[in-house]
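For what it's worth, UniProt numbering labels the leading residue of the sequence shown as 1, then goes sequentially. From the three backbone atoms N, C-alpha and C, an ideal C-beta is built for every residue, glycine too. A short worksheet on the structure shown next.
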Amino acid sequence: MHLSLVDMARRAKYSIYTDVWSTKEIRFYFIYGLIMLFLTGMLDFITNWFLNRAITILYGGLLITIPIWVGIYYKIKEQRRIKINGK
1 MHLSLVDMAR RAKYSIYTDV WSTKEIRFYF IYGLIMLFLT GMLDFITNWF
51 LNRAITILYG GLLITIPIWV GIYYKIKEQR RIKINGK
């Protein structure tokens, strides 16, 4: 019996919104990451010490938020594992 991708997704009953985004930690990390990127940009705008603002935002924002994105990645991985194993 041939199943389309949509049917398989429906049968898996895995939804990124309900299983991942609904957890408070993910929302907190995501919003915290956006705030940190914004603050990094504002800090550079106020101090104006660097030649290229894009480099500052890239390095500053990403370096500050790397642990957060790693945390989100492992949280999603854990949610998938729980969903697959049914525990």
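By how many angstroms is the C-alpha of ILE26 removed from the C-alpha of MET1? Unreliable placement is indicated for MET1, whose pLDDT of 48 sits below 50; the coordinate value is still reported in the next sentence. Cα to Cα, MET1 sits roughly 37 Å from ILE26.
Within 7 Å: the Cβ of GLY71 and any heavy atom of the ligand SAM? In terms of ligand content, the structure shown is empty, and the ligand SAM therefore cannot be addressed.
On the criterion of 16 or more Cβ atoms from any shown chain inside 10 Å, does TYR73 qualify as buried, or is it exposed? exposed
Measure from the alpha carbon of GLY33 to the alpha carbon of each residue in ARG80, ILE68, GLN79, LYS77, then state which is nearest. When only C-alpha atoms are compared, the closest one is ILE68.
Would you decide whether TYR29 is buried or exposed? Buried here means 16 or more other CB atoms lie within 10 Å of its CB. buried
Would you check if the distance between the CB atom of LEU43 and the CB atom of THR65 is smaller than 8 Å? The answer is no: Cβ separation not under 8 Å.
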